[in-house]
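Here's the structure we're looking at; comments come further down.
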Amino acid sequence: MIIITAVGADRPGMAHAVAAKLADYGCNIEDTTMTRLCGEFAMILIVSPPPDIAPADLAIHLSPLEKSHGLFINCRAVAEVQEQIGGQDDYTAPRYMLSVYGPEKSGLVARITGVLAAHGVNITDVQTRVASHGTVYIMIFEVELPANLEAETLQQSLHNTAHEIGVEVSLRPLEEDTL
Numbered sequence: 396m397i398i399i400t401a402v403g404a405d406r407p408g409m410a411h412a413v414a415a416k417l418a419d420y421g422c423n424i425e426d427t428t429m430t431r432l433c434g435e436f437a438m439i440l441i442v443s444p445p446p447d448i449a450p451a452d453l454a455i456h457l458s459p460l461e462k463s464h465g466l467f468i469n470c471r472a473v474a475e476v477q478e479q480i481g482g483q484d485d486y487t488a489p490r491y492m493l494s495v496y497g498p499e500k501s502g503l504v505a506r507i508t509g510v511l512a513a514h515g516v517n518i519t520d521v522q523t524r525v526a527s528h529g530t531v532y533i534m535i536f537e538v539e540l541p542a543n544l545e546a547e548t549l550q551q552s553l554h555n556t557a558h559e560i561g562v563e564v565s566l567r568p569l570e571e572d573t574l
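The structure is reproduced here in structure tokens:
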């Protein structure tokens, strides 16, 4: 499998351009996420290429999208990624949704992610937004707890940090069928 990142100025048709090029080359999209940040298109995909197609081959096939759509594209084998993080994903870890909101100020993400890292919590997804005309910062994390961590212990640490920095936090379990 190959992981692909595609980033460029957003406009209609960006996701289609990437998906069409991949289909044209015989790749199957296994997993994907896409978002727009400050007018920038960002997409990450995991694809199964045809046999004997290396990441470099796929990058060459996708390279016309740089000129036609202004996309910067990077491709590499998933095995390389898994080796760097120490193994396969642990899909059996308890999953939780962490919501954080409060006054917008520098360092909020660093403080909250610091608590998570200190407890060995893996962040699998994060979204942030500024709301209420720039006065409220909202963070929503999907996280996986290590087997030796009780949710109540993490909740207490998060509440302590939240109190120090003046934000509200909520940690709740995710159901298996929640996307």
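Numbering (the working numbering), first residue to last: 396 to 574. Where is the CB? At the ideal position from N, CA and C, for every residue including glycine. Source: prediction; values computed, not measured.
Residue state for T508 is assigned as helix, using DSSP reduced to three classes. When DSSP reads this structure, I398 sits in a beta bridge with I441 and R471. Annotation: the continuous beta strand (DSSP E) that includes D426 extends over N423 to L432. The segment 497-513 makes contact with the segment 548-559; the number of CB pairs closer than 8 angstroms reaches 3 or more. Its Cα nearest to that of F436, the residue L466 stands out among L417, V495 and L466. Just so you know, the alpha carbons of L457 and N469 end up roughly 9 angstroms apart. The alpha-carbon separation between L549 and G515 amounts to approximately 10 angstroms. With three or more CB-CB distances shorter than 8 angstroms, the segment 487-505 counts as touching the segment 524-536. Within the same chain, M396, I441, V442 and S443 come within 7 angstroms of E425 by CB-CB distance, once the 5 residues on both sides are set aside. For D405, the three-state secondary structure derived from DSSP is coil.
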